[in-house]
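So the first sequence is numbered by numbering that gives the first Met the number 0: it starts at 0 and just counts up by one. Ideal placement from N, C-alpha and C gives every residue a C-beta, glycine not left out. Data block below; observations after.
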Amino acid sequence: MATKIATWNVNSIRARLPNVTAWLTQAAPDICVLQELKCEEAQFPRAEIEDLGYNLAIIGQKTYNGVAILAKAPIEVELRALPGGEDDAQARYVQALIGGLRVASIYLPNGNPVETDKFAYKLAWMDRLAAHAGTLLALEEATVLAGDYNVCPADEDVFDPQGFAGDALCRPESRSRFWSLLNQGWTDALRLFRRGPHVYTYWDYQAGAWPKDHGLRIDHLLLSPQAADRASDADVDRRPRGQEKASDHTPVWCLLR
DNA sequence: ATGGTAGCCTTGCTA
Numbered sequence: 000m001a002t003k004i005a006t007w008n009v010n011s012i013r014a015r016l017p018n019v020t021a022w023l024t025q026a027a028p029d030i031c032v033l034q035e036l037k038c039e040e041a042q043f044p045r046a047e048i049e050d051l052g053y054n055l056a057i058i059g060q061k062t063y064n065g066v067a068i069l070a071k072a073p074i075e076v077e078l079r080a081l082p083g084g085e086d087d088a089q090a091r092y093v094q095a096l097i098g099g100l101r102v103a104s105i106y107l108p109n110g111n112p113v114e115t116d117k118f119a120y121k122l123a124w125m126d127r128l129a130a131h132a133g134t135l136l137a138l139e140e141a142t143v144l145a146g147d148y149n150v151c152p153a154d155e156d157v158f159d160p161q162g163f164a165g166d167a168l169c170r171p172e173s174r175s176r177f178w179s180l181l182n183q184g185w186t187d188a189l190r191l192f193r194r195g196p197h198v199y200t201y202w203d204y205q206a207g208a209w210p211k212d213h214g215l216r217i218d219h220l221l222l223s224p225q226a227a228d229r230a231s232d233a234d235v236d237r238r239p240r241g242q243e244k245a246s247d248h249t250p251v252w253c254l255l256r
């Protein structure tokens, strides 16, 4: 039986708790990685998630960032931060082993505005991610690097490519780093099964983006070759984005045999 | 039409 792995930027786990518990109950992923918890570990609504049958690994941060791994099977945490950032205190990475599968929850920096040091931080973070991803590939094991990458890989992943050409999510420096990562040997799980336009995972809260389907594809599940060999399906679940008090992102999932 | 929304808290910052 297949393992269902999902990623979801929830934009505050405390504000989103009813939406998250409803989706976990209905979609029943075996593993779900979350981003933008926007709270410290002590403030995370642990009991409400554990009551649904999930184990937890939480890397919290007050107000900003924060990542977690939820899994029905036991979680063995391997890393609580992306290697190579000794002076980087932002909670953007957690990696664990779950029943022989390696899974990471990634919250890659947004990088806007590009004329500030935020963009340099994003690019440096992507370089660190590529270096670490290379070491993971060398293990030749089944690994899923899932999360909010804050990168639209190509123009078809953007509702308005011209309008976003200068945005940190679409800039050539961001895209070239994402493609270099893929070219190491990672597979974009969603694109393996869902090609074509209008495959979006995020819609801004502003300007009626959701009803107009003015979306972006920025949440990705990257599979090592050993994981890609087991992939049988992947999709975006748009339903949570249309509900009351929705996150601006919606879950993306894949199945591994 | 140069806006608009959401979350948390620093009534501004991040997205």
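**Asked** For Asp-228, does the count of other Cβ atoms within 10 angstroms reach 16, so buried, or fall short, so exposed?
**Response** Here residue 228 refers to the residue found at position 229 when the first sequence is read from its first residue. Classification for Asp-228: exposed.
**Message:** Using a Cβ distance threshold of 8 angstroms, determine whether the segment 202-209 contacts the segment 180-191, with at least three qualifying pairs required.
**Reply:** The segment 202-209 makes no contact with the segment 180-191, as fewer than three CB pairs between them are under 8 angstroms.
**Message:** Let's see if you can read the secondary structure: which residues bound the alpha helix (DSSP H) around Leu-136?
**Reply:** Here residue 136 refers to the residue found at position 137 of the first sequence. From DSSP, the alpha helix (DSSP H) with Leu-136 extends over 116-137.
**Prompt:** Taking the alpha helix (DSSP H) that Ser-179 falls in, what are its first and last residues?
**Reply:** Reading the first sequence from its first residue, position 180 is the one you call residue 179. Where Ser-179 is concerned, the enclosing alpha helix (DSSP H) starts and stops at 171-182.
**Item:** Burial state of Val-235 (16 or more Cβ within 10 Å)
**Value:** As a working mapping, residue 235 is identified with position 236 in the first sequence. Classification for Val-235: buried.
**Request:** Would you kindly report the start and end of the unbroken beta strand (DSSP E) that includes Thr-200?
**Result:** On the first sequence, position 201 is the one that residue 200 refers to. Where Thr-200 is concerned, there is no enclosing beta strand (DSSP E), given that its DSSP letter is neither H nor E.
**Request:** Look up Gln-47 in the DSSP assignment and say whether it is helix, strand or coil.
**Result:** Locating residue 47 in the first sequence gives position 48, where the first residue counts as 1. The sequence as given places Glu at residue 47; Gln does not occur at that position. Secondary structure at Glu-47: helix, using DSSP grouped into helix, strand and coil.
**Item:** Straight-line gap, Thr-20 to Tyr-120 (C-alpha atoms, nearest Å)
**Value:** Against the first sequence, residue 20 aligns to sequence position 21. Against the first sequence, residue 120 aligns to sequence position 121. Going from the Cα of Thr-20 to the Cα of Tyr-120 covers about 33 angstroms.
**Request:** Pick helix, strand or coil for Arg-101, following the three-state DSSP scheme.
**Result:** Locating residue 101 in the first sequence gives position 102, where the first residue counts as 1. Looking at Arg-101 - three-state DSSP - the assignment turns out to be strand.
**Asked** Would the segment 141-152 and the segment 101-113 be scored as touching if the rule is three or more Cβ pairs under 8 angstroms?
**Response** With the cut-off at 8 angstroms, the segment 141-152 and the segment 101-113 touch.
**Message:** Within 10 Å of its beta-carbon, does Lys-37 have 16 or more other beta-carbons around it, so buried, or fewer, so exposed?
**Reply:** Position 38 of the first sequence, counted from the start, is the residue given in the question as residue 37. Buried: at least 16 other Cβ atoms inside 10 Å.
**Request:** Please work out which residues of its chain come closer than 8 angstroms, Cβ to Cβ, to Asn-111, disregarding the five sequence neighbours upstream and downstream, and give them in chain order.
**Result:** On the first sequence, residue 111 is found 112 positions in, with the first residue counted as 1. Same-chain partners within the cutoff: Lys-117, Phe-118, Asp-166, Ala-167 and Leu-168.
**Message:** For Ala-70, report the span of its beta strand (DSSP E) as first-last.
**Reply:** Counting from one through the first sequence, the residue named residue 70 turns up at place 71. Counting along the chain, the beta strand (DSSP E) containing Ala-70 begins and ends at 66-70.
**Request:** Return helix, strand or coil for Trp-22, following the three-state DSSP convention.
**Result:** Translated into positions along the first sequence, residue 22 becomes position 23. Three-state DSSP puts Trp-22 in a helix.
**Prompt:** Which class does Leu-191 belong to by DSSP, given the choice of helix, strand or coil?
**Reply:** To locate residue 191, count along the first sequence from 1; it is residue 192. DSSP, reduced to helix, strand and coil, places Leu-191 within a helical segment of the structure shown.
**Message:** For Trp-22, which residues in the same chain have their Cβ closer than 6 angstroms to its Cβ, ignoring the five residues on either side in sequence?
**Reply:** Here residue 22 refers to the residue found at position 23 when the first sequence is read from its first residue. Contacts found: Pro-239.
**Request:** Within 10 angstroms of the Cβ of Asp-159, are there 16 or more other Cβ atoms? Answer buried if so, exposed if not.
**Result:** The residue given as residue 159 occupies position 160 in the first sequence. When all chains shown are included, Asp-159 counts as exposed.
**Asked** Name the DSSP beta bridge partners of Asn-54, please?
**Response** Mapped onto the first sequence, residue 54 falls at position 55. Within the DSSP secondary-structure output, Asn-54 pairs in a beta bridge with Ala-70.
**Request:** Under the assumption that Ser-11 contacts Glu-35 (Cβ atoms under 8 angstroms), give the Cβ distance between them as a whole number of angstroms.
**Result:** As a first step, residue 11 must be located in the first sequence, where it is residue number 12. As a first step, residue 35 must be located in the first sequence, where it is residue number 36. 7 angstroms between Cβ atoms; contact.
**For His-219, the residue or residues it bridges with in DSSP** = As a position in the first sequence, residue 219 is number 220, starting the count at 1. Residue pairing by DSSP puts His-219 in a beta bridge opposite Gly-146.
**Item:** Delimiting residues of the alpha helix (DSSP H) encompassing Ala-227
**Value:** By one-based count along the first sequence, residue 227 stands at place 228. Looking at the DSSP string, the run of the alpha helix (DSSP H) that includes Ala-227 is 224-227.
**Request:** Pull up the CB-CB distance for Ala-70 and Ile-48, whole angstroms please, since I reckon it's below 8 angstroms.
**Result:** To locate residue 70, count along the first sequence from 1; it is residue 71. To locate residue 48, count along the first sequence from 1; it is residue 49. Actually they are not in contact, since the Cβ atoms of Ala-70 and Ile-48 sit about 11 angstroms apart, beyond 8 angstroms.
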